[in-house]
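K.L.:
Dumping the structure here so I can ask a few things about it.
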Amino acid sequence: MIELKDIHVTFNKDTPLETKALRGVDLAVPKGEFLTVIGSNGAGKSTSLNVMAGIAPVLQGSLRVGQNDMTNWPVQKRARSISRVFQDPKMGTCEDLTILENFALAYGRTTPRGFKFAVDPSIRLSVAERLSLLKLGLEDRLDDKVGLLSGGQRQAVSLLMATTGDTQVLLLDEHTAALDPKTADFVLQITNSIVRELKLTAVMVTHSMAQALNTGDRTIMFHQGKIIFDVAGAERDKMTVEDLLHLFKREQGEELADDSLLLG
Amino acid sequence: MSLYEILGTLETGFIFGLVALGAYLTFKILDFPDLTVEGSFPLGAAVCAALIVQGGWNPWAATGFAAVVGFGAGYVTAYLNVRFNILHILAGILVSISLYSINLRIMGGPNEPLLNVKTVFTAFEDLGYPGYMINPVFLGIVVIAIKLALDAFLATGWGMSMRAAGANPAMAEANGINVGKMKLYGVGLANALTALAGALFAQIFGAADAYMGIGVIIVGLASVIVGMSILPSRTIFLATTACILGAILYRLAVAVALNADFLGLYASDVQLVTAVLVMLALIGQQSGSSLFKILKKGTKND
Ligand SMILES: Nc1ncnc2c1ncn2[C@@H]1O[C@H](COP(=O)(O)OP(=O)(O)O)[C@@H](O)[C@H]1O
Ligand SMILES: [Mg+2]
């Protein structure tokens with residue numbers, strides 16, 4: 007479904023600020039797989055999601071999604087099949103628009119927009135129906151501006167918006183990180199049920215190793231712009247957070263050893 | 071003020087209502103501070119006047135064409151920004167400066183009088199209505215119709231996309247909206263409205279003038295700010311209503327100020343007074359406190 011081949015991303019190339027964010031990433035996520043992604047700060051997790059969404063400039067390598075080579079597609083064109091939920095709850099929705107209007111925008115992602123009124127009774131009905139699944143009472147507040155909602159409510163709304171229409175790929179970049187633990191759990195739960203119910207191919211970045219192991223089918227770890235660890239199936243089921251932490255430390259330790267060798 | 075003066079104020083108020091709607095579209099909806107209007111207002115006037123006088127066009131067609139040309143001017147500004155990453159404000163200044171020369175070319179001189187020719191306003195006088203009575207009514211109908219059309223447009227799929235493109239570009243893109251395209255059409259539309267206002271202004275005052283664009287941007291902004299401060303704009307319908315109301319009130323305030331002999335103001339002081347008013351309003355909006363407090367705080371920090 008998603009296939010990254012030898013992806014290199016370098017920010018501020020040929021300047022003193024040059025950062026090699028991705029240094030040869032190969033990754034294939036088959037259709038219907040729910041992949042979780044971990045790694046230390048600056049390891050390249052967000053950048054690899056941004057490569058899929060079309061926001062990060064690809065220096066080298068290619069990206070295929072489904073039948074299409076999307077390496078050079080603009081963001082809005084990819085949006086027909088790839089949708090995302092941002093880390094910041096403010097980013098995923100438009101606060102000056104009502105809940106209903108936000109959903110109307112989201113429906114436009116997969117079905118072309120026109121000069122028809124964006125909001126009509128049939129949309130109102132289907133949005134209310136979807137929102138009622140959240141059990142947050144939002145179905146009664148369709149005409150409230152999104153700016154009036156709490157962070158958790160907004161993130162739940164973003165998630166539903168990102169999964170309207172015939173979305174195939176869902177990208178989640180630490181989408182629960184800005185929420186309090188209880189709300190984060192709630193949003194994670196609905197994420198799980200939506201991904202499973204709609205059989206989406208999903209990539210979720212998380213800062214919590216426990217979350218990474220307990221959610222989805224497969225876990226990868228980024229370190230300094232590369233995937234250093236990839237586990238799935240029975241091996242993953244056996245794995246504990248301690249194992250993961252251990253692995254993580256060992257990888258970093260090796261890096262240090264390499265450096266000291268070089269220096270020595 | 072006499073009834074005659076009040077009706078005259080209504081006329082210009084409605085015309086600048088169009089400019090205010092354009093400013094609302096660029097500044098508030100698209101978050102694209104657009105200065106092209108300083109050039110597209112006289113552009114609309116020049117194109118309309120030249121087509122009527124030199125080209126012998128039907129005044130309605132000339133007025134419509136002026137709006138189309140105005141759209142082009144706004145499109146060019148947005149294109150400079152979207153395609154070549156030129157700062158929006160600078161792009162607007164570049165286009166409006168160019169338009170100054172272009173307008174002189176179009177008119178073949180610094181102005182183009184519209185004397186003894188058919189305009190959209192003479193049509194009513196021919197029917198036997200006195201201009202000072204019928205013109206404000208006609209302009210009111212035109213401007214309100216355009217406002218309602220704009221309200222409707224902003225509720226369509228396209229209009230909603232334009233609002234999202236201005237309010238949250240990253241979210242808009244993630245929802246498949248071509249943000250650049252929205253800017254091109256939105257800034258184009260705003261300048262079409264402004265050029266239409268210029269075309270109507272020239273016809274009602276009997277001439278197009280290369281200098282008539284000076285300060286138009288500030289008048290548009292002042293109208294939006296005045297309107298929004300008296301009519302809280304929770305919905306698009308209320309916001310666009312506030313723009314037109316603001317334009318009328320602003321013209322009224324100017325007329326009253328110029329009429330009040332004890333103030334000792336000349337007509338030429340209008341720009342200064344308007345600019346100071348807008349500055350004060352913006353400062354007030356920023357801090358939400360009185361100007362006096364802000365000035366005091368300013369000196370303390372020194
Ligand atoms: N837009 C950008 N401009 C410059 N550097 C960036 C940009 N985005 C990310 N980086 C850099 O690329 C590296 C990887 O960042 P990122 O993918 O955001 O890491 P994370 O794994 O924490 O999500 C970091 O060193 C970061 O500073
Ligand atoms: Mg990140």
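Going down the list, the sequences are from chains A and B. Heads up, the first sequence is in the numbering used here, so the first residue is 7 and it goes up one at a time. Heads up, the second sequence is in the numbering used here, so the first residue is 71 and it goes up one at a time. A virtual CB, placed ideally from N, CA and C, is assigned to each residue, including glycine.
1. Expressed to the nearest angstrom, what Euclidean distance is found between the alpha-carbon atoms of residue 182 of chain A and residue 218 of chain A?
2. Between the Cα of residue 108 of chain A and the Cα atoms of B/257, B/225, B/183 and B/196, which residue gives the shortest distance?
3. If contact means a Cβ-Cβ distance below 7 Å, which residues of the segment 107-120 of chain A contact chain B?
4. Looking at C-beta atoms only, is the number of pairs between the segment 89-101 of chain A and the segment 280-300 of chain B that lie closer than 8 Å three or more?
5. If you draw a straight line from the C-alpha of residue 335 of chain B to the C-alpha of residue 162 of chain A, how long is it?
6. May I ask you to list, following chain order, the residues of the segment 113-130 of chain B that have a beta carbon less than 9 Å from some beta carbon of chain A?
7. Determine the contact status of residue 90 of chain B and residue 114 of chain B, defining contact as a CB-CB distance below 8 Å.
8. Who are the neighbours of residue 226 of chain B on chain A, taking C-beta pairs under 9 Å?
9. Shorter than 8 Å from the beta carbon of residue 31 of chain A to some beta carbon of chain B?
10. Can you look up residue 341 of chain B in the DSSP assignment and give me helix, strand or coil?
11. Are any of the Cβ atoms in chain A nearer than 8 Å to that of residue 230 of chain B?
12. According to DSSP, residue 45 of chain A sits in a beta bridge with which residue or residues?
13. For residue 108 of chain A, name the three-state secondary structure that DSSP assigns.
14. Any idea if residue 359 of chain B is buried or exposed, counting beta-carbon neighbours within 10 angstroms, 16 or more meaning buried?
15. Could you pull out every residue in the same chain whose Cβ sits closer than 7 Å to the Cβ of residue 39 of chain A, ignoring the five residues on either side in sequence?
16. Is the closest heavy atom of ligand 1 to the C-beta of residue 52 of chain A under 7 Å?
17. Could you tell me which residues DSSP puts in a beta bridge with residue 70 of chain A?
18. Would a C-beta distance cut-off of 8 Å place residue 317 of chain B and residue 97 of chain B closer than the cut-off?
19. List the residues of chain D that residue 82 of chain A touches, going by C-beta distances under 7 Å, in chain order.
20. Give the C-beta separation of residue 81 of chain A and residue 7 of chain A to the nearest angstrom, bearing in mind that I take them to be a contact with Cβ-Cβ under 8 Å.
21. Does the distance from the CB of residue 159 of chain B to the CB of residue 105 of chain B come in under 8 Å?
22. Alpha carbon to alpha carbon, how far is residue 16 of chain A from residue 235 of chain A?
23. Is residue 179 of chain A a contact residue of ligand 2, with contact defined as CB to any heavy atom under 7 Å?
24. With residue 327 of chain B as the anchor, note down where its alpha helix (DSSP H) starts and where it stops.
25. Contact criterion: CB-CB distance below 8 Å. Does residue 85 of chain A meet it with respect to chain B?
26. What's the gap between the Cα of residue 152 of chain B and the Cα of residue 258 of chain A?
27. Taking 8 Å as the threshold (beta carbon to beta carbon), is residue 151 of chain B in contact with chain A?
28. Using only the alpha-carbon positions, how far apart do residue 207 of chain B and residue 354 of chain B sit?
29. List the residues of chain B that residue 97 of chain A touches, going by C-beta distances under 9 Å, in chain order.
30. Can you tell me the Cα-Cα spacing of residue 242 of chain A and residue 231 of chain A, whole angstroms?
31. Who pairs with residue 169 of chain A in a beta bridge, going by DSSP?
32. Give me, in chain order, the residues of the same chain whose beta-carbon lies closer than 7 Å to that of residue 362 of chain B; leave out the 5 immediate sequence neighbours on both sides.
33. Cβ atoms of residue 189 of chain B and residue 285 of chain B: under 8 Å apart, would you say?
34. Would DSSP call residue 151 of chain A helix, strand or coil?
35. When you compare the CB positions of residue 272 of chain A and residue 105 of chain A, do they come within less than 8 Å of one another, or not?
36. Using the three-state DSSP reduction, which class does residue 186 of chain A fall into: helix, strand or coil?
P.N.:
Checking against the coordinates, here is how it stands:
1. As a working mapping, residue 182 of chain A is identified with position 176 in the first sequence. As a working mapping, residue 218 of chain A is identified with position 212 in the first sequence. Their backbone Cα atoms lie some 12 Å apart in a straight line.
2. Within the first sequence, numbered from 1, the residue matching residue 108 of chain A stands at position 102. Here the closest residue by C-alpha is B/225.
3. 107, 110, 111, 112, 114, 115, 119 and 120
4. no
5. Taking the first residue of the second sequence as position 1, residue 335 of chain B is located at position 265. Taking the first residue of the first sequence as position 1, residue 162 of chain A is located at position 156. About 58 Å.
6. none
7. Residue numbering aside, residue 90 of chain B sits at position 20 when the second sequence is read from its first letter. Residue numbering aside, residue 114 of chain B sits at position 44 when the second sequence is read from its first letter. Not closer than 8 Å, so no.
8. Looking up residue 226 of chain B in the second sequence gives position 156. By Cβ distance, chain A contributes 119, 120, 121, 122, 123 and 124.
9. For the purposes of this step, residue 31 of chain A is identified with residue 25 of the first sequence, where counting begins at 1. Chain B contact via Cβ: absent.
10. In the second sequence, the residue the question calls residue 341 of chain B occupies position 271. Note: residue 341 of chain B maps to helix in three-state DSSP.
11. Position 160 of the second sequence, counting from 1, holds the residue named residue 230 of chain B. With 8 Å as the cut-off, residue 230 of chain B counts as an interface residue toward chain A.
12. As a position in the first sequence, residue 45 of chain A is number 39, starting the count at 1. In the DSSP output, where bridge partners are listed per residue, residue 45 of chain A has A/228.
13. Numbered from its first residue, the first sequence carries residue 108 of chain A at position 102. Note: residue 108 of chain A maps to helix in three-state DSSP.
14. Taking the first residue of the second sequence as 1, we reach residue 359 of chain B at position 289. Any reading at residue 359 of chain B must be qualified, since the residue scores a pLDDT of 49, below 50, and its modelled position is unreliable; the value itself is stated next. With fewer than 16 other Cβ atoms within 10 Å, it is exposed.
15. Position 33 of the first sequence, counted from the start, is the residue given in the question as residue 39 of chain A. Same-chain partners within the cutoff: 207, 223 and 224.
16. Taking the first sequence and counting its residues from 1, one reaches residue 52 of chain A at position 46. Residue 52 of chain A Cβ: within cutoff of ligand 1.
17. By 1-based counting over the first sequence, the position of residue 70 of chain A is 64. Bridge partners of residue 70 of chain A: A/9 and A/75.
18. As a working note, residue 317 of chain B is residue 247 in the second sequence. As a working note, residue 97 of chain B is residue 27 in the second sequence. Going by C-beta atoms, residue 317 of chain B is not nearer than 8 Å to residue 97 of chain B.
19. In the structure shown, chain D does not exist; the protein chains are A and B.
20. In the first sequence, counting from the first residue as 1, residue 81 of chain A sits at position 75. In the first sequence, counting from the first residue as 1, residue 7 of chain A sits at position 1. Their Cβ separation, rounded to whole angstroms, is 19 Å, which puts residue 81 of chain A and residue 7 of chain A out of contact at 8 Å.
21. Residue 159 of chain B sits at position 89 when you count from the first residue of the second sequence. Residue 105 of chain B sits at position 35 when you count from the first residue of the second sequence. Against a cut-off of 8 Å, the Cβ pair of residue 105 of chain B and residue 159 of chain B comes out as a contact.
22. On the first sequence, position 10 is the one that residue 16 of chain A refers to. On the first sequence, position 229 is the one that residue 235 of chain A refers to. Going from the Cα of residue 16 of chain A to the Cα of residue 235 of chain A covers about 22 Å.
23. By 1-based counting over the first sequence, the position of residue 179 of chain A is 173. Yes; taking the cut-off as 7 Å, the Cβ of residue 179 of chain A has a heavy atom of ligand 2 nearer than that.
24. The residue given as residue 327 of chain B occupies position 257 in the second sequence. Here the alpha helix (DSSP H) through residue 327 of chain B covers 306-329.
25. The sequence position of residue 85 of chain A within the first sequence is 79, counting from 1. Closer than 8 Å to some Cβ of chain B, the Cβ of residue 85 of chain A qualifies, so yes.
26. For this step, residue 152 of chain B is matched to residue 82 along the second sequence. For this step, residue 258 of chain A is matched to residue 252 along the first sequence. Spanning the two alpha carbons is a distance of roughly 43 Å.
27. As a working note, residue 151 of chain B is residue 81 in the second sequence. So, not an interface residue.
28. For the purposes of this step, residue 207 of chain B is taken as the residue at position 137 of the second sequence. For the purposes of this step, residue 354 of chain B is taken as the residue at position 284 of the second sequence. Their Cα atoms are separated by approximately 35 Å.
29. Your numbering for residue 97 of chain A matches position 91 in the first sequence. The contacting residues are 238, 240, 241 and 244.
30. Here residue 242 of chain A corresponds to residue number 236 of the first sequence, with the count starting at 1. Here residue 231 of chain A corresponds to residue number 225 of the first sequence, with the count starting at 1. Approximately 23 Å between the Cα atoms of the pair.
31. For this step, residue 169 of chain A is matched to residue 163 along the first sequence. Per DSSP, none; premise fails for residue 169 of chain A.
32. On the second sequence, position 292 is the one that residue 362 of chain B refers to. Residue placement at residue 362 of chain B is flagged as unreliable, the pLDDT there being 49, under the threshold of 50; the coordinate-derived value follows with that caveat. Taken in chain order, the list of residues that qualify is empty.
33. For the purposes of this step, residue 285 of chain B is taken as the residue at position 215 of the second sequence. For the purposes of this step, residue 189 of chain B is taken as the residue at position 119 of the second sequence. Against a cut-off of 8 Å, the Cβ pair of residue 189 of chain B and residue 285 of chain B comes out as no contact.
34. The residue you call residue 151 of chain A lines up with position 145 of the first sequence. Of the three classes helix, strand and coil, the one that applies to residue 151 of chain A here is strand, per DSSP.
35. Residue 272 of chain A is absent from the model: chain A starts at 7 and stops at 270.
36. The sequence position of residue 186 of chain A within the first sequence is 180, counting from 1. Looking at residue 186 of chain A - three-state DSSP - the assignment turns out to be coil, as it is neither helix nor strand.
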